[in-house]
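J.: One structure follows; several queries about it will come next.
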Amino acid sequence: MTTPDVSGDTVRTAATQPSPPSRPVALVEAGFRALARLRRAPALHPQGLTCGGELEVVDDGGGSWDVPWLDTPRRLDATVRLSRAGGLPRRLPDGLGLAVRVPDADGPGRTLDLLMTSSGRGRAGRHVPLPRADALRGPYSSLLPYRVAGRSCLLAAFPRRTRQAPVPGDPRSMAAALADGPLVYDLCAETGDRAWRRFGVLTVTTVLPVGQEDTLDFDIYHHSVRAFVPGTALAATRRAAYRGSRSGRDGA
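Each residue of the sequence shown is one higher than the one before, counting from 415 in the numbering used here.
Here you go:
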């Protein structure tokens with residue numbers, strides 16, 4: 415398509431149609447679609463427990479975040495999914511997932527999804543998924559950075575050790591632990607010196623009657639809020655994985 419410029423010369427403009435995804439990205443989407451269709455569940459984290467809970471946005475005394483939803487201390491309803499990434503047998507360590515959905519986090523209709531995976535500790539370990547047997551043994555991390563008020567930082571959840579510990583990470587064991595009391599996680603973001611600063615307390619309270627085939631489609635790109643968004647690292651690949659998993663479950 416061409417249009418005249420102000421001097422009367424003709425210049426070429428970009429096509430309005432989006433460019434097709436690269437071959438590696440297309441292969442990721444196709445692979446996740448096939449796996450989700452086979453499992454009739456999310457391609458990753460197919461085994462999970464959907465729960466009700468509450469996210470308390472806290473003032474930690476460290477000053478403003480310059481993020482609207484973090485700068486208003488309050489309590490918000492949350493839906494949480496506790497899961498196993500590979501669906502391995504119960505006796506084996508697996509990557510454990512913590513998915514959180516907060517409806518209206520940033521106002522009516524502005525839903526927030528958070529996805530974190532069991533990880534190592536320290537500045538390098540927090541970027542690496544770590545299989546774990548005990549769901550309360552160590553931190554969960556976003557693995558890749560977020561942009562929080564323009565700053566690049568990881569997110570993490572630190573489970574509090576409760577009287578239920580240790581708690582195997584399979585759905586049946588997690589449900590049994592919740593029958594004895596809530597599970598509590600401190601939600602944190604990195605500061606400039608890579609220390610952790612707490613912004614919320616997640617309390618998981620009840621098991622919801624949601625089957626594996628009906629679990630929520632968590633998507634951190636579709637459900638992000640002002641000044642609190644996923645970074646650009648591997649964004650195209652991750653979006654393709656979400657699309658593939660979603661369409662595979664839908665039978666597309």
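No residue lacks a Cβ here, since even glycine has one placed at the ideal position from N, Cα and C.
1. Which of the three DSSP states, helix, strand or coil, is assigned to R565?
2. Between R687 and L526, what straight-line distance do the alpha-carbon atoms span, to the nearest angstrom?
3. If the criterion is Cβ atoms closer than 9 Å, does the pair L512 and R495 meet it?
4. To the nearest angstrom, how far is it from the Cα of G606 to the Cα of L569?
5. Taking its Cβ as the centre, do 16 or more other Cβ atoms sit within 10 Å of L506, making it buried, or is it exposed?
6. Quick one: grab the DSSP three-state call for L616.
7. State the DSSP-derived secondary structure class of G521, mapped to helix, strand or coil.
8. What do you get for G523, buried or exposed, if any count of 16 or more other CB atoms within 10 angstroms of its CB means buried?
9. Does the beta carbon of P585 fall short of 8 Å from some heavy atom of the ligand SAH?
10. So what does DSSP say about S638, is it helix, strand or coil?
11. Counting along the chain, where does the beta strand (DSSP E) carrying G539 start and finish?
12. Return helix, strand or coil for R515, following the three-state DSSP convention.
13. Give every residue of the same chain whose Cβ lies closer than 8 Å to the Cβ of C386, excluding the five residues on either side of it in the sequence, and list them in chain order.
14. Between the Cα of S556 and those of I634, V621, V481, spot the shortest distance and give me the residue it belongs to.
15. Which word fits F446, buried or exposed, when buried means at least 16 other C-beta atoms lie within 10 angstroms of its C-beta?
16. Looking at the unbroken beta strand (DSSP E) that takes in R608, where does it start and where does it end?
17. Please return the same chain residues whose Cβ sits closer than 8 Å to the Cβ of V542, not counting the five positions on each side in sequence.
18. Which same chain residues end up closer than 7 Å to V639 when comparing Cβ atoms and leaving out the 5 residues on each side of it in sequence?
19. For a test of the three-state rule: what should DSSP assign to A603, helix, strand or coil?
20. Is it the case that the Cβ atoms of G467 and T619 are separated by a distance below 9 Å?
21. From L544 to T531, what does the alpha carbon distance come to, in whole angstroms?
22. Please list the terminal residues of the continuous alpha helix (DSSP H) segment that includes S587.
23. Buried or exposed for G564, going by 16 or more other Cβ atoms inside 10 Å?
24. Quick one: is H637 buried, meaning 16 or more other Cβ sit within 10 Å of its Cβ, or exposed?
25. Any idea what DSSP makes of D628, helix, strand or coil?
26. Less than 9 Å separating the beta-carbons of Q578 and A591?
T.: Walking through what the data contain:
1. In the three-state scheme derived from DSSP, where H, G and I count as helix and E and B as strand, R565 is classed as strand.
2. Residue 687 lies beyond the residue range present for the chain, which begins at 415 and ends at 666; the question has no answer from this structure.
3. Their beta carbons are under 9 Å apart, which means L512 touches R495 by this criterion.
4. The alpha-carbon atoms of G606 and L569 are separated by roughly 13 Å.
5. The residue in question, L506, is exposed, as its Cβ has fewer than 16 Cβ neighbours within 10 Å.
6. In this structure, L616 counts as strand in the three-state DSSP scheme.
7. If DSSP states are grouped into helix, strand and coil, G521 belongs with the strands.
8. G523 is exposed by the Cβ-count criterion.
9. Among the components modelled here there is no ligand, and therefore nothing to report on the ligand SAH.
10. DSSP, read as helix, strand or coil, puts S638 in coil.
11. Run containing G539: none in the beta strand (DSSP E); it sits in the alpha helix (DSSP H), 536 to 539.
12. In this structure, R515 counts as strand in the three-state DSSP scheme.
13. Absent from the model: residue 386. The displayed extent of the chain is 415 to 666, so no value can be given.
14. Residue nearest to S556 within the set I634, V621, V481 is I634 (criterion: CA-CA distance).
15. Low confidence applies here, because F446 scores a pLDDT of 48, under 50, leaving its location unreliable; read the following figure in that light. Per the 10 Å Cβ criterion, buried.
16. Careful: R608 lies outside any beta strand (DSSP E) and carries neither H nor E.
17. Within the same chain, V542 has close Cβ partners S533, G534, L557.
18. Counting only Cβ-Cβ distances below 7 Å, and skipping sequence neighbours, we find W483, A519, D520, R524, L526.
19. DSSP, reduced to helix, strand and coil, places A603 within a strand of the structure shown.
20. T619 is positioned such that its CB atom lies closer than 9 Å to that of G467.
21. Spanning the two alpha carbons is a distance of roughly 8 Å.
22. Residues 585 to 593.
23. With fewer than 16 other Cβ atoms within 10 Å, it is exposed.
24. With 16 or more other Cβ atoms within 10 Å, it is buried.
25. D628: helix per DSSP, three-state reduction.
26. Their beta carbons are under 9 Å apart, which means Q578 touches A591 by this criterion.
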